[in-house]
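In UniProt numbering, the protein residues as written are 1 to 195.
Quick reminder that beta carbons are idealized off the backbone N, C-alpha and C, glycines included.
Contents: one structure, followed by commentary.
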Amino acid sequence: MITTATIVAFIVILLAGMVQGLTSFGFSLLSVPILSIFLPLKIIVPVLIVLSFALNSVIFYKVKEYVKLRKIVYLVVFGILATPLGTYLLLFIDEKLLQIGVGVIVTFTAVMFWLGYKVTIKNEKISLSLVGIMSGLLNGSVSLSGPPVIVFLTNQGVKKQVFRANLTSFFLILNIITIPTYFFRIIKRESSLFQ
């Protein structure tokens, strides 16, 4: 039976996918806050990660010639390291706390863009590492790896093509790490219930 929640979810995912296709970000940023009204984050996040993987794979194919992985290596490494901890938070932290976190993240990102706020960064490697940790935690817990990275790359004035390519590469790598991590955590949790 098709419910109102199913129709809303389909429309939201479709629109968010179109935004992601145009900008290389925004899929989860738009989807998570709306879908969390109808469905638990523990269901939404793994589904969005899988859909995000498919979407990012297509976008990556189109922008791969502009990828500058050396520019984001610290971001990638620390994002990968923090993602498993993020998945732990999703499975074991109270749902309401995570929903509040989503609201704060979305609001913060919107305000930063609206104000056009910029910071002078003296040590880019340390900054990329910290952004990677934040992004990895958010990726694993609420599927919102984008905001810290988007704000950082925008702050650094990265060229449009490189911005899209590096962002998509980062998201795709995190997707590849996150999907098996979720399955491992879920299987481990379910098996412990039967012991």
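Judged by DSSP in its simplified three-state form, K159 adopts coil rather than helix or strand. Here I177 is not near T107, since their CB atoms are 8 Å or more apart. For V102, the enclosing alpha helix (DSSP H) begins and ends at E95 to L115.
Your pair F27 and S52 checks out as a contact, with CB atoms roughly 6 Å apart and the cut at 8 Å. Per DSSP, the continuous alpha helix (DSSP H) segment holding F10 begins and ends at T4 to T23.
In the three-state DSSP reduction, L39 falls in the coil class, being neither helix nor strand. By the C-beta criterion, the segment 121-136 is judged not to be in contact with the segment 31-43, since fewer than 3 inter-stretch pairs fall below 8 Å. The three-state secondary structure of V45, taken from DSSP, is helix.
Per the C-alpha coordinates, the member of T23, L35 and Y117 positioned closest to S143 is L35.
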